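Structure, as structure tokens:
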Amino acid sequence: MIRRMLTHTAAATLVIAVAAFAFQALAGGEGVARTAGSLATAIAGGDHDAD
Amino acid sequence: MTPTDPRPTTARRTPGRLLFLFAFHAALSGAFIVAYLTGDEDTYAMHQVAGYTALAALAVRLLAGVLMPVGPLRLPRPSLSVTLDWLRRVASGEARAWGQRRPLLAWMALALLAVVGAATLSGAIADFVIPFEKLHEALGEASLPVVLAHVALVVALLGLKTVAGRRARSNIRHEVTAP
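Heads up: the protein sequence lines correspond to chains A and B, in order. Just so you know, numbering that gives the first Met the number 0 puts 13 at position 14 of the first sequence, and the rest follows in order with no gaps. Just so you know, numbering that gives the first Met the number 0 puts 31 at position 32 of the second sequence, and the rest follows in order with no gaps.
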């Protein structure tokens with residue numbers, strides 16, 4: 000049951016991440032490359048306070 | 000119903016309801032992971048999508064809990080007396096308590112719903128009321144330790160159940176081989 004939950008979580012994370020990425024890249028008009036760069040910086044930085 | 004089982008006897012774990020719980024867990028945890036990783040100014044749109052997904056999952060879960068107050072979809076209602084009784088039985092080495100449904104999970108579910116719910120709701124409010132941003136950030140940071148504690152608790156309880164299973168099998172073998 001735990002394995003099934005983990006599998007579902009991984010799949011949902013992927014789907015939500017792709018949807019969010021597409022939203023920012025396409026609907027937000029930032030483009031795929033720039034969004035990918037921002038995402039990489041956000042994940043690598045690990046700092047929530049951008050100010 | 001035993002004293003350690005907080006669920007009513009009328010609880011029916013139908014495949015559809017279990018699937019709903021799996022879907023809710025997947026949507027909320029997936030949205031939380033994405034929202035946490037994108038909590039940066041440059042990934043704000045991604046953060047919004049993940050945050051509103053988490054909010055929608057929580058809203059549907061709360062609605063299901065309100066509409067179905069009995070059964071697997073009911074909202075967690077932990078009991079202090081049941082929890083203390085279970086902890087006492089676990090501490091005294093009662094193998095049956097180790098493998099039973101653990102009341103600690105209900106406390107953890109409640110803590111998760113409260114903290115993650117507050118973080119999500121404050122994020123939605125902060126979208127329109129800027130001063131809420133600091134509160135949202137603080138709640139978001141406070142959510143991670145609770146989520147990690149949830150993972151640790153699940154792993155620990157799984158270990159306890161595994162040990163209980165081994166002990167039970169060992170006891171059966173001893174009974175069979177005993178003269």
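By construction, the Cβ of each residue, glycine as well, lies at the ideal position given by its N, Cα and C atoms. Note that the structure is a prediction, hence the values are computed from the model and not measured.
| Item | Value |
| --- | --- |
| Separation of Ala155/B from Ala90/B, as counted between CA atoms | 14 angstroms |
| Close beta carbons around Gly122/B, own chain, < 6 angstroms, minus the five adjacent residues each side | Gly50 and His135 |
| Cut-off 8 angstroms between Cβ atoms - residues of its own chain near Gly64/B, not counting five sequence neighbours on either side | Leu72, Arg73 and Leu74 |
| Under 7 angstroms between C-beta atoms of Ala41/A and Asp39/B | yes |
| Pairwise C-alpha distance: Ala118/B and Asp41/B | 20 angstroms |
| Of the residues Pro130/B, Gln99/B, Ala167/B and Gln47/B, the one placed nearest Gly27/A, counting alpha carbons only | Gln47/B |
| Contact set between Gly44/A and chain B, taken where Cβ atoms lie within less than 8 angstroms | Asp39 |
| Minimum C-alpha distance to Ala10/A - residue among Ala137/B, Lys160/B and Ala22/B | Ala22/B |
| Same chain only: Cβ atoms within 6 angstroms of Arg179/B, ignoring 5 sequence neighbours per side | In this structure chain B extends from 0 to 178, so residue 179/B is not present and cannot be described. |
| Proximity winner among Met107/B, Val115/B and Gly92/B, relative to Ala151/B (alpha-carbon distances) | Met107/B |
| Local conformation of Phe127/B per DSSP, three classes | coil |
| Ala32/A at chain B interface by Cβ criterion, 7 angstroms | no |
| Contacts that Ala30/B makes with chain A (C-beta to C-beta distance below 7 angstroms) | Ile15 |
| Sequence ranges, alpha helix (DSSP H) only - wholly within the segment 78 to 142 of chain B, length at least 4 | 79 to 90, 94 to 98 and 103 to 125 |
| Cross-chain neighbours of Arg3/A in chain B, by beta carbon under 9 angstroms | Phe21 |
| At least 3 beta-carbon pairs within less than 8 angstroms: the segment 130 to 145 of chain B vs the segment 157 to 172 of chain B | no |
| Neighbour flag for Thr52/B against chain A, beta carbons, 7 angstroms | yes |
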